[in-house]
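This report concerns only the one structure given below.
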Amino acid sequence: MDELVRSLPSPTLPGIHLPCLDTHKGWLFKWTNYLKGYQRRWFVLSNGLLSYYRTQAEMAHTCRGTIPMAAAHIEVGDTCHLMISSAGRSYHLKATSEGECQRWVSALQQAKVTATALIQHSEDDSGDEGPDAEEDDRALSQGVLKTLANKLDDLSTCNDLIGKHGAALQRSLSEVEELRGCANSVDKLKSVNERAALFRITSNAMINACRDFLDVAQSHSRRWQKVLQHEREQRHHLEETIEQLAKQHNSLETAWREKPTPYAGVERSCKGDDSEENDEFFDAMEDTPSFITLSTNAETQHKRSGSNQSMMSGGVPHDWTDHENDTPGSNHMQLRRARRSRIPDKPNYSLNLWSIMKNCIGKDLSKIPMPVNFNEPLSMLQRLTEDLEYSELLDRAARCDSSLEQMCLVAAFSVSSYSTTIHRTAKPFNPLLGETYELDRLEDYGYRSICEQVSHHPPAAAHHVISQRGWTLWQHITIDSKFRGKYVSVMPLGNIHLQFHSSGNHYVWSKVTSTVHNIIVGKLWIDQSGDIDIVNSTTKDTCHLKFSPYSYFCREAPRKVTGVVEDQEGTAHYILSGTWDEKMESAKIVNSSQGCGGSEGKQKTVYQTLQSKLLWKKYPLPDNAENMHYFSALALTLNEPEEGVAPTDSRLRPDQRLMEAGLWDEANTHKQRLEECQRLERKRREVQATQALQEGQEVEVYQPLWFEKRTDDSARESSYIYRGGYWEAKERQDWRQCPDIF
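Okay, so the sequence shown: first residue is 740 according to the numbering used here, each after it adds one.
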């Protein structure tokens, strides 16, 4: 009997082999009917399938039911109850305790997310497929075909066993007929019963294997039909495109041979005449205040006259790009202090991402220890400072007399901070409590920046920048990050404040959500989505920016950003457009009107504007950036060693320094040591707080060194504001109050 059980295929469906997916099993009570009520059953969750049996011994031969988790709906009820709905059928289950119920719910949700991600057939248009969707579909189809082949092998094995044990049962029945009335008839009857039991077990296994094969085939049949139809359409479209290109190539080649000189003249005239550039139209958007950009005759005359008159009252040149050539390689930059332009190349270490992330679904990633393999050699404080990559935008804004023109540059600055993230899918180091980072660029750019980690849970950082060129920026940012199965969402919470010294204009805005896609399979890619509302609390001017999320089905340019600048009366003055990874432009509105109704009866606002002006353009990445974590020119210098910084500065963090040098094993060792020391320090403070409460004393709350918590009565928000003293302490080199955190 044992030999037979070992030879039988498992009745549970292997399905698609999920990466590093653990099996979860245990007893649950399942509702059967009104007569028997809840009955105890043995449940096994494996490879995206929930199977149940009457006993653990039944796992060898009889499965009572299987629920695919990819299409299942999980509901949690009261008093340890949960319900799973799949394929029009509901399963009512009950756990023995609330803790056990929670463990099952977590395991079921994780299995559902993983199975859904590998199937790669999502009905929403969130764009999670990414650029590698076709390769993932191909790999998934190969996995299903392998599963079907395994099931065919199972059926073949069951067929052989049924034939073998059926023949043996027939022989035993014949022997019973011959030995009727003999003394050893009892032994023969036992043998017949045993062979009959073997035949029944084998038949049940055969039936289960047939059912599993049919389930797999049916569940993927519809998807294969859609994939086949999509491939046919793609092939037809490709054939049409190639045919058109061939015709165009043939006609161009013929025209060039017959009349080469006239075509060359036309080409030169097209390059020299810019009149066609003025006839540029943009379709109105449905989900935001719609606009159409037109060029006026006045603008055409202005452009053709070659006037160098500044459009901005602050003396900024006509195209708003007086610092456009401030690239790291420009001549005037070479006069500044020489800083490093490269770091050691990133080692090619492989690591199973899913083996780490599978236990993090729905959790805050800041609380989960991660190896440095997922990091880049910069801390979150340095990434926060990296927002100053295009600080010259604020320098230009400080010279503007018009608050509306100033708002355009502030909006461009808020967008520019995301341009460095397009290839940066690795996470920065979580700063230790009390960790600081300074960036002194008085000689280069006229500003000084100081950051401090003011809270550990939740992780929060305070940042203060003061510039000799007429502005001050400060922010208190808390990071909320969640792993959602297929993607990681990073949501910065808090406001950014910017004040200009001469005008007193005070701008406030917040950041959008960053999403890293393809966590389980495919190439990692990042997207920014959401809205930014910039408010000038002094003049009440506003700017609404919309970061359009990437969509696989959308025809618009990816990473698109649009916006409208309005005064306190709600009158629009500027249209902003561009992408968060490349550039932003503005166009001054000269007239507006109500256009024809859009979809769903919405009425469009049509804006007539002057020609667009370039506000900001991204600097090119340094050479070999792909091997240096895709760092920008500024990012390459952020971790450069400097003398005289505080002992809590991120540059002195050993694990980060070792990772930058390519010594990742040593970096992991130091990272674990630092995190353990921080946990022990936190426990020590918690014990002290508990003792203080028991003794009726005041609880000592952690106080940052360089920032203090203040409440803004007008905004009704509490944030950490720079209290001063850091740069004075650096000048004296007096760091006695700094803790030893490294």
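No residue lacks a Cβ here, since even glycine has one placed at the ideal position from N, Cα and C.
All figures in this text were calculated on a predicted structure; none of them were measured in a lab.
Open item on the list: Going by DSSP in three states, residue 890 sits in which element: helix, strand or coil?
Closed with: In the three-state reduction of the DSSP assignment, residue 890 falls in the helix class.
Open item on the list: To the nearest angstrom, how far is the alpha carbon of residue 1331 from that of residue 1312?
Closed with: Using only the alpha carbons, I get a separation of about 10 Å.
Task: Nearest-angstrom beta carbon gap, residue 1288 and residue 1266 [assumed within contact, 8 Å] - done: Right, the Cβ-Cβ distance comes to about 6 Å (below 8 Å), so this counts as a contact.
Open item on the list: Going by beta-carbon coordinates alone, are residue 852 and residue 821 separated by less than 8 Å?
Closed with: Going by C-beta atoms, residue 852 is not nearer than 8 Å to residue 821.
- [ ] Pick helix, strand or coil for residue 1023, following the three-state DSSP scheme.
- [x] Unreliable positioning characterises residue 1023 in this predicted model, as indicated by a pLDDT of 36, which lies under 50. The coordinate reading is nonetheless provided below. Three-state DSSP puts residue 1023 in coil, outside helix and strand.
- [ ] Check the C-beta distance from residue 1432 over to residue 1476 and give it rounded, since I have them as a contact under 8 Å.
- [x] About 27 Å separates the beta carbon of residue 1432 from that of residue 1476, a gap too long to meet the 8 Å contact definition.
Open item on the list: At 4 residues or longer, what runs of the alpha helix (DSSP H) sit wholly inside the segment 1362-1389?
Closed with: You should have 1372-1377.
TODO: Could you tell me whether the segment 1169-1180 touches the segment 1297-1315, where touching means 3 or more Cβ pairs closer than 8 Å?
DONE: Not touching, per the Cβ criterion.
Task: Residue span of the beta strand (DSSP E) that contains residue 1199, given as start and end - done: Segment 1199-1206, the beta strand (DSSP E) holding residue 1199.
Task: Run of the alpha helix (DSSP H) containing residue 1465, from where it starts to where it stops - done: Its alpha helix (DSSP H) spans residues 1465-1471.
TODO: Kindly indicate which three-state DSSP category residue 1211 falls into: helix, strand or coil?
DONE: Residue state for residue 1211 is assigned as strand, using DSSP reduced to three classes.
- [ ] Select from 1268, 1215, 951, 1440 the residue whose C-alpha is nearest the C-alpha of residue 1450.
- [x] For the options 1268, 1215, 951, 1440, the alpha carbon positioned closest to that of residue 1450 is the one of 1215.
TODO: Run the CB neighbour count on residue 975, radius 10 Å, all protein chains shown included, and call it buried at 16 or more, exposed below.
DONE: Its Cβ having fewer than 16 others within 10 Å, residue 975 is exposed.
Open item on the list: Starting from residue 1116, trace the beta strand (DSSP E) in both directions and tell me its first and last residue.
Closed with: Segment 1114-1118, the beta strand (DSSP E) holding residue 1116.
Open item on the list: Here's the rule I'm using: 16 or more other beta-carbon atoms within 10 Å means buried, otherwise exposed. How should residue 899 be labelled?
Closed with: Exposed, since its Cβ has fewer than 16 Cβ neighbours within 10 Å.
Open item on the list: Helix, strand or coil for residue 1278? Go by DSSP, reduced to three states.
Closed with: Here residue 1278 sits in coil by DSSP.
Task: CB of residue 1152 within 8 Å of CB of residue 1123, strictly - done: Going by C-beta atoms, residue 1152 is not nearer than 8 Å to residue 1123.
TODO: Measure from the alpha carbon of residue 1204 to the alpha carbon of each residue in 1196, 1189, 1218, then state which is nearest.
DONE: Closest by alpha carbon: 1189.
Task: residue 817 - DSSP class collapsed to helix/strand/coil - done: Correct three-state label for residue 817: coil.
Task: Own chain, CB closer than 7 Å to residue 1084, minus 5 neighbours either side, in chain order - done: Excluding its 5 nearest sequence neighbours in each direction, residue 1084 has C-beta neighbours in its own chain below 7 Å: 1366, 1367, listed in chain order.
TODO: Note down the Cα distance separating residue 1397 from residue 855, rounded to an integer number of angstroms.
DONE: Roughly 38 Å separates the two Cα atoms.
Open item on the list: Within 8 Å, do at least three Cβ pairs link the segment 941-948 to the segment 893-908?
Closed with: Because the criterion of three Cβ pairs below 8 Å is met, the segment 893-908 and the segment 941-948 touch.
Task: Host alpha helix (DSSP H) of residue 1147 (start-end) - done: Per DSSP, the unbroken alpha helix (DSSP H) holding residue 1147 starts and ends at 1142-1155.
- [ ] Measure the C-alpha to C-alpha separation of residue 912 and residue 943 and round it to an integer number of angstroms.
- [x] Counting only the Cα atoms, residue 943 lies some 21 Å from residue 912.
TODO: Note down the Cα distance separating residue 1280 from residue 1127, rounded to an integer number of angstroms.
DONE: The alpha-carbon atoms of residue 1280 and residue 1127 are separated by roughly 23 Å.
TODO: Go ahead and pull the three-state DSSP assignment for residue 1234.
DONE: It is coil, neither helix nor strand.
Task: Buried or exposed by the 16-neighbour rule on C-beta atoms within 10 Å, applied to residue 1307 - done: So residue 1307 ends up on the exposed side.
Task: Under 8 Å between C-beta atoms of residue 1357 and residue 1228 - done: At least 8 Å separates the beta-carbon of residue 1357 from that of residue 1228.
Task: For residue 1374, the nearest candidate out of 1386, 1383, 1390, 953 (CA to CA) - done: Residue nearest to residue 1374 within the set 1386, 1383, 1390, 953 is 1390 (criterion: CA-CA distance).
TODO: Taking 8 Å as the threshold, find out whether the segment 825-832 comes into contact with the segment 805-812 through three or more Cβ pairs.
DONE: Contact between the segment 825-832 and the segment 805-812 is present, with at least three C-beta pairs closer than 8 Å.
Task: Length of the line joining the Cα atoms of residue 1197 and residue 1392 - done: Roughly 21 Å between the two C-alpha positions.
Open item on the list: Please classify residue 1030 as buried or exposed, where buried requires at least 16 neighbouring CB atoms within 10 angstroms.
Closed with: With a pLDDT of 46 at residue 1030, under the threshold of 50, the predicted position of this residue should be treated as unreliable, though the coordinate-derived value follows. Buried, by the Cβ-count rule.
TODO: Return the chain-ordered list of same chain residues with a C-beta closer than 7 Å to the C-beta of residue 1162, the five sequence neighbours on each side being excluded.
DONE: Residues of the same chain with a CB within less than 7 Å of the CB of residue 1162, apart from the 5 flanking positions on each side, are 1369 in chain order.
- [ ] Would you identify the three-state DSSP class for residue 809, choosing helix, strand or coil?
- [x] If DSSP states are grouped into helix, strand and coil, residue 809 belongs with coil.
TODO: Helix, strand or coil for residue 841, going by three-state DSSP, please let me know.
DONE: DSSP, read as helix, strand or coil, puts residue 841 in helix.
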